[in-house]
Every structure is written in structure tokens, then in C-alpha cells.
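The structure appears below as C-alpha cells.
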């Protein structure tokens, strides 16, 4: 005979698991401290400036 399950509990458990997964993703995406964010932005700006500095032609003249 089949096991009797409460569909409401299964639905709520599935929704809770989905919320926990979404929360974990958001912690990774948005959970960085301000110092880490500014450091990454500064490094990206420096890398971009170095990259642009090695251009052979001026993009404004083209």
C-alpha cells in the first residue's frame, strides 16, 4: 500500500528549499562588504586604464 503524505507539508517544504537556495545565491551576489566592493571597483578601473593606455590608435579619431 502507498504511503500517505500531507501535500500541504510537501508543498511548504519544497517552497522553503527554493527560498533557501535563492537566499544562498543572493548572499554570494550581494553579500560582499563595502570595502571589498570598492577594492574590486578600484582594481577594475585600474585594469581598464592600463588596457586603454596600450591602444595604438585613439578611439575618438576613428
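Residue numbers (the UniProt record's numbering): 1 to 62. Even glycine gets a Cβ: it sits at the ideal position worked out from N, Cα and C.
In chain order, what residues of the same chain have a beta carbon less than 7 Å from the beta carbon of residue i, not counting five sequence neighbours either side?
i          : result
residue 15 : none
In whole angstroms, what is the alpha-carbon distance linking residue i and residue j?
i          : j          : result
residue 54 : residue 43 : 17 Å
residue 33 : residue 52 : 29 Å
residue 8  : residue 18 : 15 Å
Going by beta carbon distance, what residues of the same chain come within less than 8 Å of residue i, once the five residues before and after it are set aside?
i          : result
residue 30 : none
residue 28 : none
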